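Residue numbers (our numbering), protein chains in the order written: chain A, 1 to 100; chain B, 1001 to 1100.
C-beta: ideal position from N, C-alpha, C; glycine also.
Since we're looking at a predicted model, the values are computed, not measured.
Below is one structure; the comments refer to it alone.
Protein chains: 2
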Amino acid sequence: MATATQSIELTEDQLALIARALADPRRYEILKTISTKRSCTPCSKMRDCIDISPATLSHHMKELETAGLVRSEKEGKFVNYFPQTHILRAYLDRLKSDLA
Amino acid sequence: MATATQSIELTEDQLALIARALADPRRYEILKTISTKRSCTPCSKMRDCIDISPATLSHHMKELETAGLVRSEKEGKFVNYFPQTHILRAYLDRLKSDLA
DNA sequence: ACATCAATTCGATGGTTGTCGAAATGTTAA
DNA sequence: TTAACATTTCGACAACCATCGAATTGATGT
């Protein structure tokens, strides 16, 4: 049977997108919040915790999604976001093998 | 005996500095190069591999050092850089516990 | 003292990015 | 069809940042 330790290969572009996505403190906070819960309605719920305009939040969510760190699912007029932990794990593995 | 799994606590500022330091592809490349070797004279040796001006390289080295990812040691007119892998490990551990 | 070389600092520039208000889009309920 | 609400897009602005040439500092050897 296959071991579960193998992780996804990231392209250079993905690597850069993820690193940049994590570099903004606000995005980091958002991602942290999403990661603790299993789902989340972003603007309505997120804006209770983090002081941010709808436009800015939307911008950051797009960055996180483009980086592959979250996935979105529309539900009526809301959008739910889900953490993509396998992508984060691939990033951690890459850092470890490149830099550790 | 103590387990070796305990890692350093990073402040929010350090966390942000490290994330930003890693977010630039060129710095990532530089750090990767340093991490493979055990020491390195930066400008003279680094500039053989990476096409970069002395001024820009100096700037990036300062960023990496401020983030704590490398340490520098003067040796005559050269400067040797050493990877600080325990800082990187602390960063990885932090990402894992915050986001995984 | 002088020339040479490694590295840093300074100053300027162009590009990127975080921010938000306002307008637009899309959805649900009255 | 309105009205109300969630989210996105647009446009603009300010702050940040990577980049490099030129000048500077600092060390070595002649």
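Subject >> Minimum C-alpha distance to residue 82(A) - residue among 76(A), 8(A) and 30(A) >> reply: 30(A)
Subject >> Below-7 Å beta-carbon distance, residue 1085(B) vs any chain A residue >> reply: yes
Original post:
Would the stretch 1010-1026 of chain B and the stretch 1048-1067 of chain B be scored as touching if the rule is three or more Cβ pairs under 8 Å?
Top reply: yes
Original post:
chain B partners of residue 48(A), CB-CB under 7 Å?
Top reply: Within chain B, no residue comes near residue 48(A); the closest Cβ sits about 20 Å away, beyond 7 Å.
Subject >> From 87(A), 99(A), 25(A) and 26(A), residue whose alpha carbon lies closest to that of residue 14(A) >> reply: 87(A)
Subject >> C-alpha distance - residue 1073(B) paired with residue 1042(B), whole-angstrom precision >> reply: 11 Å
Original post:
Can a CB atom of chain A be found closer than 7 Å to the CB of residue 1035(B)?
Top reply: yes
**OP:** Return the first residue and the last residue of the alpha helix (DSSP H) that residue 12(A) is part of.
**Re:** 12-23
Original post:
With residue 1069(B) and residue 1084(B) assumed to form a contact (beta carbons below 8 Å), what rounded beta-carbon distance in angstroms separates them?
Top reply: 6 Å
**OP:** Closer than 8 Å by beta-carbon distance: list the chain B residues that pair up with residue 71(A), in chain order.
**Re:** Within 8 Å Cβ-Cβ: nothing; residue 71(A) doesn't reach chain B, min ~15 Å.
**OP:** Assign residue 27(A) to one of two classes, buried (16 or more other C-beta atoms within 10 Å of its C-beta) or exposed (fewer than that).
**Re:** buried
Original post:
Taking Cβ-Cβ distances shorter than 8 Å, what residues in chain B pair up with residue 32(A)?
Top reply: 1098 and 1099
Original post:
So is residue 34(A) buried or exposed if we call it buried at 16+ other beta carbons inside 10 Å?
Top reply: buried
Subject >> Ordered list of alpha helix (DSSP H) runs contained in the stretch 54-87 of chain A, each at least 4 residues >> reply: 54-66
**OP:** Starting from residue 23(A), find everything on chain B with Cβ-Cβ shorter than 7 Å and list it in chain order.
**Re:** 1019, 1020 and 1023
Original post:
In this structure, does DSSP put residue 36(A) in helix, strand or coil?
Top reply: helix
**OP:** Helix, strand or coil for residue 48(A), going by three-state DSSP, please let me know.
**Re:** helix
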